[in-house]
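Numbering (the working numbering), first residue to last: -8 to 55. Backbone N, C-alpha and C fix where the C-beta goes; we use that ideal spot for every residue, glycine too. Bear in mind the structure is a predicted one, so any value in this text is a computation, not a measurement.
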Amino acid sequence: MVFGKRLNRNQQRRPMDKTAIAYLYLSLPEDHLLHISKYKTAKAVRNVLKIRHVGVNCLQQAKQ
(Lines of atoms letter the chains of each structure in order from A and count residues from 1; the text may use other names and numbers.)
(Lines give C-alpha, C1' and ligand atoms only; values in the text may rest on other atoms or scores of the structure.)
Protein backbone atom coordinates (compact mmCIF):
# COMPACT_ATOMS: atom_id res chain seq x y z
CA MET A 1 0.00 0.00 0.00
CA VAL A 2 1.13 3.48 -0.81
CA PHE A 3 -0.39 6.16 1.40
CA GLY A 4 -3.55 4.18 1.94
CA LYS A 5 -4.02 3.24 -1.72
CA ARG A 6 -4.17 -0.37 -2.72
CA LEU A 7 -2.11 -1.25 -5.80
CA ASN A 8 -3.43 -3.65 -8.40
CA ARG A 9 -1.33 -6.53 -9.71
CA ASN A 10 -0.06 -4.65 -12.77
CA GLN A 11 1.20 -1.79 -10.61
CA GLN A 12 2.93 -4.26 -8.29
CA ARG A 13 4.64 -6.12 -11.15
CA ARG A 14 5.78 -3.06 -13.11
CA PRO A 15 9.07 -2.54 -11.17
CA MET A 16 9.90 -6.25 -11.48
CA ASP A 17 9.20 -6.15 -15.23
CA LYS A 18 11.47 -3.16 -15.69
CA THR A 19 14.28 -4.87 -13.80
CA ALA A 20 13.89 -8.12 -15.74
CA ILE A 21 13.82 -6.30 -19.08
CA ALA A 22 16.93 -4.33 -18.10
CA TYR A 23 18.81 -7.57 -17.39
CA LEU A 24 17.66 -9.00 -20.72
CA TYR A 25 18.83 -5.88 -22.56
CA LEU A 26 22.25 -6.15 -20.93
CA SER A 27 22.66 -9.80 -21.85
CA LEU A 28 21.59 -9.69 -25.51
CA PRO A 29 23.48 -8.60 -28.62
CA GLU A 30 22.37 -5.45 -30.41
CA ASP A 31 20.57 -7.18 -33.27
CA HIS A 32 18.18 -8.84 -30.82
CA LEU A 33 17.46 -5.55 -29.06
CA LEU A 34 15.80 -4.16 -32.15
CA HIS A 35 13.31 -7.02 -32.13
CA ILE A 36 12.37 -6.83 -28.45
CA SER A 37 12.35 -3.07 -27.88
CA LYS A 38 8.62 -2.78 -28.64
CA TYR A 39 7.48 -5.16 -25.87
CA LYS A 40 6.58 -3.76 -22.46
CA THR A 41 6.59 -6.82 -20.21
CA ALA A 42 9.31 -9.31 -19.40
CA LYS A 43 6.97 -12.18 -20.23
CA ALA A 44 6.38 -10.84 -23.74
CA VAL A 45 10.13 -10.38 -24.29
CA ARG A 46 10.80 -13.91 -23.05
CA ASN A 47 8.17 -15.38 -25.37
CA VAL A 48 9.61 -13.57 -28.40
CA LEU A 49 13.13 -14.73 -27.59
CA LYS A 50 11.90 -18.28 -27.03
CA ILE A 51 10.10 -18.37 -30.37
CA ARG A 52 13.15 -16.97 -32.12
CA HIS A 53 15.44 -19.54 -30.47
CA VAL A 54 13.16 -22.47 -31.33
CA GLY A 55 13.02 -21.26 -34.93
CA VAL A 56 16.81 -21.25 -35.18
CA ASN A 57 16.99 -24.79 -33.79
CA CYS A 58 14.40 -26.05 -36.26
CA LEU A 59 16.28 -24.44 -39.13
CA GLN A 60 19.57 -26.02 -38.05
CA GLN A 61 17.94 -29.44 -37.76
CA ALA A 62 16.36 -29.09 -41.20
CA LYS A 63 19.76 -28.29 -42.76
CA GLN A 64 21.28 -31.48 -41.35
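Check for me: the alpha helix (DSSP H) holding residue i runs from which residue to which?
i: residue 56; result: No information on residue 56 is available, as it lies outside the stretch -8 to 55 that the chain covers here.
Among the options, whose alpha-carbon lies nearest the alpha-carbon of residue i?
i: residue 41; options: 53, 23, 10, 52; result: 23
Report yes if the C-beta of residue i is less than 7 Å from at least one heavy atom of the ligand SAH; otherwise report no.
i: residue 6; result: Because no ligand of any kind appears in the structure shown, any question about the ligand SAH cannot be addressed here.
Using 8 Å for Cβ pairs, my map puts residue i next to residue j. What's the rounded Cβ distance?
i: residue 15; j: residue 36; result: 6 Å
Provide the residue(s) that pair with residue i in DSSP beta bridges, ordered along the chain.
i: residue 34; result: For residue 34, which the question treats as bridged, DSSP gives no partner whatsoever.
query = Pairing CB atoms from the segment 12 to 19 with CB atoms from the segment 43 to 52, are three or more of them under 8 Å?
reply = no
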